[in-house]
Amino acid sequence: MKKMVGILVIGLLVSTQLKAQAQEITWYSFEEVIDKVETTPKMILIDVYTDWCGWCKKMDKETFTDKEVIAYVNENFYAVKLNAEDSKKKFEFRGREYSEEDMARAMRVQSYPNFVIMDAAMENITQLPGYREAKPFVSSLVALLENFKQ
């Protein structure tokens, strides 16, 4: 009996740890979001980054692992990662072929990290440039959605 209880407790601990580790922002490609907004409209948060950007890496490591950020972004946005220097990955948007680099340029992103917010019609609303800690990041997203809904 003691063995069974011990095995159950260990099983619960392992499954709880696995659930906690699986808690992350659901990142989509730009082309996946094009399909998703047609069936289920939602705002889009595009993380425009580069591989050499230290502040981008800090966002990934600290801000995007925060539970409040994860919950808010997953609930209210389709999140997209867009490498501003990737000229190889191609997709079609509004009848034109883009690379991630082309799209970042078309969105007029000039610094990294930069967060482009699009509405469900895939129109640019605004940009939130620069590194942001978790609480201020969520606050700026909440304010943005409140202003947009008015």
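Using mature numbering (1 follows the signal peptide of the UniProt record, and there is no 0), the letters of the sequence shown correspond one by one to residues -22 to -1, 1 to 128.
Just so it is clear, CB atoms sit at the ideal spot from N, CA and C, and this is done for glycine as well.
Could you please give me the residues that DSSP links to residue i through a beta bridge?
{"i": "residue 156", "result": "The shown model of the chain, from -22 to 128, leaves out residue 156, and the question about it has no answer."}
{"i": "N102", "result": "M96"}
Using 8 Å as the threshold, is the C-beta distance between residue i and residue j below it?
{"i": "E2", "j": "F69", "result": "no"}
{"i": "P107", "j": "Y27", "result": "no"}
{"i": "M96", "j": "I22", "result": "yes"}
{"i": "Y50", "j": "L119", "result": "yes"}
{"i": "Q105", "j": "V116", "result": "no"}
{"i": "N102", "j": "M85", "result": "yes"}
{"i": "E78", "j": "K67", "result": "yes"}
{"i": "A57", "j": "D29", "result": "no"}
{"i": "A82", "j": "V15", "result": "no"}
Start and end of the alpha helix (DSSP H) containing residue i?
{"i": "E2", "result": "Per DSSP, E2 belongs to no alpha helix (DSSP H) and is neither H nor E."}
{"i": "T17", "result": "F8 to T17"}
Shorter than 8 Å from the beta carbon of residue i to some beta carbon of chain C?
{"i": "E78", "result": "Although the question refers to chain C, the structure presented lacks it and comprises just one protein chain."}
Are the segment 107 to 123 and the segment 35 to 52 touching by the rule of at least three beta carbon pairs closer than 8 Å?
-> Result yes; three or more Cβ-Cβ pairs closer than 8 Å.
List in chain order: all unbroken beta strand (DSSP E) runs of 3+ residues lying wholly within the segment 21 to 60.
-> List check, beta strand (DSSP E) in window: 21 to 27.
Could you name each continuous alpha helix (DSSP H) segment of 4 residues or more that falls completely within the segment 104 to 128, going from the start of the chain to the end?
-> Within the segment 104 to 128, the complete alpha helix (DSSP H) runs of at least 4 residues are 112 to 127.
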